[in-house]
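Sequence positions in the sequence shown follow full-length UniProt numbering and run 1 to 333. Structure record follows, encoded as structure tokens.
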Amino acid sequence: MKIFEESFPERKVKVIKRKKYKYTKSIKQLKNKVDAAGTIYRTKKDDNSKKLYEALKNKLRECIAESVKSGNNKKLKSAVNKLQGIWQLIKQETSKKSPKATGATITADEMNDYLTSIGNRIQDAAQRSPHESIDLLKHTNIHVTNSMYLYQVTEDEVIGISKKLKTKYSRDIHGMTVALLKQIVPHVSHVLCQILNDCIDQGIFPNVLKLAVVTPIHKKGDPDQCSNYRPISILPTVSKVFEMVLTHRLVKFLEIHNCFHESQHGFRRGRSTVTAMLAVLESIIEAYNNNEDLEQICVDLSKAFDSVNHEILLKNFTTMEFEGLHIIYLLPT
């Protein structure tokens with residue numbers, strides 16, 4: 001990070017609020033004509049000069065509207081999240097700002113304690129299953145004959161993964177952004193490659209890559225209640241590359257050994273919420289055509305990621321031949 005800070009020193013610049021439209025040469029010329037026509041009308045006070053003035057004003061409004069439309073289209077095309085980009089434009093045009101929690105007395109320590117303990121509290125409150133997860137695995141069709149092996153990372157893979165990350169300008173705890181990484185990765189890929197390969201060989205996910213910038217966003221209700229906030233975490237940029245490296249190897253192993261259920265659509269290549277909805281629709285149509293009754297149960301797991309029991313996960317990994325150094329990534333370092 002010292003080299004990073006020396007190479008990319010932070011500089012403060014004055015941000016000038018730009019117009020909502022691009023002030024083109026044609027708009028400038030038309031604006032000058034409107035000003036001139038306005039001066040003539042205020043001097044002569046006749047109908048002809050008034051009509052000319054009104055016509056030029058209408059034409060100027062049309063040009064500005066077209067410029068705004070063109071600018072909005074460019075923003076949407078370049079937006080990483082299209083839906084979010086649309087809502088930002090709507091808020092911009094309607095001058096509506098997101099509500100901010102005012103008068104909140106929650107301290108950073110209180111919020112941190114709540115967020116770091118929520119998973120354990122949900123686990124403690126949940127009803128225990130009479131079945132062990134390992135016993136449930138025995139009733140599946142998963143038969144892994146080989147142990148998982150994490151092969152080395154190449155420079156091309158590091159560059160490819162970095163280029164595929166969503167371009168974001170939010171800085172992580174070390175001051176790095178994804179946008180910056182994409183620009184410099186061709187020049188530092190050999191260093192990143194060596195670091196990631198050392199982590200793989202030693203079975204370590206460094207603590208420095210686990211530190212996140214967490215911003216609580218007020219959702220609703222009493223601003224003094226921690227449960228009324230949604231945490232937004234900005235993970236270290238390099239950790240995202242390492243996570244993708246591990247994910248590619250893990251998913252490939254699981255796919256080869258048919259460890260995924262056919263009904264699973266999340267976290268699988270070529271599948272998404274869209275394919276999940278299509279599968280549900282196909283089931284509904286099939287039941288309708290066969291004059292069958294159909295029941296659908298929808299479940300939303302509260303804090304599902306935070307409440308995963310790592311001890312159970314490690315046992316399952318061992319059962320599925322995830323042996324050796326590979327399970328150490330789940331343990332604190």
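Heads up, the beta-carbon is just placed ideally off N, CA and C, and yes, glycines get one too.
Exercise for review: Could you spell out where the beta strand (DSSP E) holding H218 opens and where it closes?
Suggested key: V213 to H218
**Study point:** Residue burial classification, L325 (beta-carbon count within 10 angstroms, cutoff 16)
**Key:** Residue confidence for L325 is low, a pLDDT of 47 falling below 50, so the modelled location carries little weight; the figure read from the coordinates is stated next. When all chains shown are included, L325 counts as exposed.
Exercise for review: Please report the residue range of the alpha helix (DSSP H) in which R230 lies.
Suggested key: Segment Y229 to I234 is the beta strand (DSSP E) holding R230; no alpha helix (DSSP H) there.
Review point. Mind checking Q194: buried by the 16 CB within 10 Å criterion, or exposed?
Key: exposed
Check your understanding: What is the rounded straight-line gap between the Cα of D35 and the Cα of V274?
Key -> 54 Å
Point to revise | Inside the region 99-142 only - alpha helix (DSSP H) runs reaching at least 4 residues | key: 108-125 and 133-138
Review point. Are the CB atoms of V241 and I161 nearer to each other than 8 Å?
Key: yes
Review point. Considering only C-alpha positions, which residue in the set N316, K315, K303 and F317 is nearest to Y114?
Key: K303
Point to revise | A279 versus Q264, E292 and D293, residue with shortest Cα-Cα distance | key: Q264
Review point. Ends of the alpha helix (DSSP H) at N32?
Key: K25 to K44
Practice item. In the DSSP assignment, find the alpha helix (DSSP H) that holds H187 and state where it starts and stops. Key: V178 to Q202
Point to revise | Under 8 Å between C-beta atoms of V188 and V245 | key: no
Practice item. Within the same chain, show all residues whose beta-carbon is closer than 8 Å to that of residue 351, passing over the 5 residues directly before and after it, in chain order. Key: The requested residue 351 does not occur in the structure, where the chain is confined to residues 1 to 333.
Practice item. Please name the residue in K51, V191, A126 and L180 whose C-alpha comes closest to that of S307. Key: A126
Point to revise | Residues of its chain near L52, where Cβ-Cβ distance is below 8 Å and the 5 sequence neighbours each way are ignored | key: A37, I40 and Y41
Exercise for review: Could you pull the start and end residues of the alpha helix (DSSP H) that S70 belongs to?
Suggested key: D47 to S78
Check your understanding: Along the chain, where does the alpha helix (DSSP H) that runs through E243 open and close?
Key -> T237 to I256
Review point. Could you give the residue range of the alpha helix (DSSP H) that holds A304?
Key: Per DSSP, A304 belongs to no alpha helix (DSSP H) and is neither H nor E.
Review point. What does a CB cutoff of less than 7 Å around N197 pick up in its chain, not counting 5 residues either side in sequence?
Key: Q152 and V153
Check your understanding: Applying the criterion that 16 or more other CB atoms from any shown protein chain within 10 Å of the CB defines a buried residue, is I200 buried or exposed?
Key -> buried
Point to revise | CB of D172 within 8 Å of CB of P236, strictly | key: yes
Exercise for review: Evaluate P9 with the Cβ neighbour count: other Cβ atoms within 10 Å of its Cβ, from every protein chain shown; 16 or more gives buried, anything less gives exposed.
Suggested key: exposed
Exercise for review: Alpha carbon to alpha carbon, how far is L165 from V15? Give it in angstroms, no decimals.
Suggested key: 27 Å
Point to revise | Whether L209 touches S233 by CB criterion (8 Å) | key: no
Review point. Distance, Cα to Cα, N309 vs P130?
Key: 16 Å
Point to revise | L150 - containing alpha helix (DSSP H), residue span | key: That residue, L150, is in no alpha helix (DSSP H); it is neither H nor E in DSSP.
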